[in-house]
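Undergrad: Could you have a look at this structure, given as structure tokens, before my questions?
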Amino acid sequence: MRATINRLLLVGAAALVAGGCNSLDVGDLNNPGLDQLDNPSATLVNSLATGLVIGARIGVATPVGLVMVTGAFGRESFNLNVSSDPRNVAELIQGPLNPGSFGGALWAALYGNIRNANLLLEAIEKVPAPPAGLSDAQKAGLRGFARTMLAQQLQLVILSRDANG
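Numbering (the working numbering), first residue to last: 2 to 166.
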């Protein structure tokens, strides 16, 4: 019985020591580094294109997202769900906008996605030809998609910040 307890304690101590090692570090799989774009694969480029769609949806329908903020600016909506935050009235309706909160909060997602579209356009040119890569028609389709997403994100910036915004 005592030998079994000693073995369990030894195994537990070994697990703690092994868990403390840095040899099991794994990189961020959701945000690959720019070094992977030096020699991109077809799979990576397709993942970047999917990421543009996901990036275009970030911060749109959240309680303090693009739809709610622009609706409050136009006096079309008011978020009653977040009544404890006085900025919903003081900043959005009465003004002026604070650059650190609502006034600047929607820039990062839009310009981040614009940057990702530009990275995708650069990466498309580096993908090899078939059978391991993409055909010319696939590259043209990806280029058109990336430029469309780029234009849509720039249009949101103009609509929300220009003379009409």
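Even glycine gets a Cβ: it sits at the ideal position worked out from N, Cα and C.
Tell me the rounded alpha-carbon separation between proline 97 and phenylalanine 74.
TA: Your numbering for residue 97 matches position 96 in the sequence shown. Your numbering for residue 74 matches position 73 in the sequence shown. Distance between the alpha carbons of proline 97 and phenylalanine 74: 11 Å.
Undergrad: I'd like the list of long-range same chain contacts for leucine 135, defined as Cβ closer than 6 Å, with 5 residues on each side in sequence excluded.
TA: Along the sequence shown, one-based indexing puts residue 135 at 134. Contacts found: Ala43, Val128.
Undergrad: Along the chain, where does the alpha helix (DSSP H) containing lysine 140 start, and where does it finish?
TA: Locating residue 140 in the sequence shown gives position 139, counting from the first residue. Its alpha helix (DSSP H) spans residues 137 to 162.
Undergrad: Taking only three categories from DSSP, how would you classify threonine 44?
TA: As a working mapping, residue 44 is identified with position 43 in the sequence shown. Threonine 44 falls in the helix class under three-state DSSP.
Undergrad: So, is the C-beta of glycine 113 closer than 7 Å to a C-beta in chain B?
TA: The chain inventory of the structure shown lacks chain B, comprising one protein chain alone.
Undergrad: What residue does the alpha helix (DSSP H) around glycine 34 start on, and which one ends it?
TA: To locate residue 34, count along the sequence shown from 1; it is residue 33. Per DSSP, glycine 34 belongs to no alpha helix (DSSP H) and is neither H nor E.
Undergrad: For glycine 66 and valine 46, I'd like the C-alpha separation in whole angstroms.
TA: Here residue 66 is taken as the residue at index 65 of the sequence shown, counted from 1. Here residue 46 is taken as the residue at index 45 of the sequence shown, counted from 1. The alpha-carbon atoms of glycine 66 and valine 46 are separated by roughly 28 Å.
Undergrad: Just to confirm before moving on: does the CB-CB distance between glycine 56 and asparagine 99 stay below 7 Å?
TA: The residue labelled residue 56 in the question sits at position 55 within the sequence shown. The residue labelled residue 99 in the question sits at position 98 within the sequence shown. No, the pair does not count as a contact, with Cβ atoms beyond the cut-off.
Undergrad: Per DSSP, what kind of secondary structure is leucine 81 in: helix, strand or coil?
TA: Working through the sequence shown from its first residue, we reach residue 81 at position 80. Leucine 81: coil per DSSP, three-state reduction.
Undergrad: Is leucine 81 near the ligand HEM, going by C-beta to nearest heavy atom under 6 Å?
TA: Ligands are entirely absent from the displayed structure, and the ligand HEM is therefore not among its contents.
Undergrad: Tell me the residue span of the alpha helix (DSSP H) that contains arginine 76.
TA: The sequence position of residue 76 within the sequence shown is 75, counting from 1. Segment: none, arginine 76 is in no alpha helix (DSSP H) and carries neither H nor E.
Undergrad: Give me the Cα-Cα distance between glycine 60 and alanine 110, rounded to the nearest whole angstrom.
TA: Within the sequence shown, residue 60 is the residue found at index 59, counting from 1. Within the sequence shown, residue 110 is the residue found at index 109, counting from 1. Rounded to the nearest angstrom, the two C-alpha atoms are 7 Å apart.
Undergrad: Taking just the CA atoms, how far does phenylalanine 146 sit from isoleucine 125?
TA: In the sequence shown, counting from the first residue as 1, residue 125 sits at position 124. In the sequence shown, counting from the first residue as 1, residue 146 sits at position 145. Going by the C-alpha atoms only, they are around 12 Å apart.
Undergrad: Rounded to the nearest angstrom, what separates glycine 142 and isoleucine 159 at their Cα positions?
TA: Position 141 of the sequence shown, counting from 1, holds the residue named residue 142. Position 158 of the sequence shown, counting from 1, holds the residue named residue 159. Approximately 26 Å, taken between the alpha carbons.
Undergrad: Is leucine 35 closer than 7 Å to alanine 118 when the C-beta atoms are compared?
TA: Here the question's residue 118 lines up with position 117 in the sequence shown. Here the question's residue 35 lines up with position 34 in the sequence shown. No, the Cβ-Cβ distance between alanine 118 and leucine 35 is not below 7 Å.
Undergrad: Can the beta-carbon of valine 70 be found closer than 7 Å to that of alanine 62?
TA: Taking the first residue of the sequence shown as position 1, residue 70 is located at position 69. Taking the first residue of the sequence shown as position 1, residue 62 is located at position 61. In this structure, alanine 62 does not lie closer than 7 Å to valine 70 by Cβ.
Undergrad: Determine the contact status of leucine 49 and leucine 121, defining contact as a CB-CB distance below 7 Å.
TA: In the sequence shown, counting from the first residue as 1, residue 49 sits at position 48. In the sequence shown, counting from the first residue as 1, residue 121 sits at position 120. Against a cut-off of 7 Å, the Cβ pair of leucine 121 and leucine 49 comes out as a contact.
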